[in-house]
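Numbering (full-length UniProt numbering), first residue to last: 1 to 93.
Structure representation (structure tokens):
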């Protein structure tokens, strides 16, 4: 039989992670994306380093940010499901 444990500390930690994911962190990723798009416009910023940024730096960074945002959403969804299951099984609220 598997152990089920739901402490207030676990509940608090789950809520903190969800708060970080739902609030500031994903908002920060969106803000970085907006600035990266702006800097990728040759009418805003141009030259050899700007071209390098547009051609490789930003596309690679944007892909990493998109992946991070997707993984954070998956984490948030998993935490929702896990916390509901744990607190239901453990009798917590």
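Cβ atoms here follow ideal geometry from the backbone N, Cα and C, with glycine treated the same way.
The Cβ atoms of residue 21 and residue 65 do not sit closer than 8 Å to each other.
DSSP places residue 36 inside the alpha helix (DSSP H), whose first and last residues are 26-39. The beta carbons of residue 29 and residue 68 sit about 6 Å from each other, so the pair counts as a contact at 8 Å. Taking one beta carbon from each stretch, the region 70-84 and the region 37-51 have fewer than 3 pairs nearer than 8 Å; the two do not touch. Shortest Cα-Cα distance from residue 36 to any of 12, 59, 6 involves 59.
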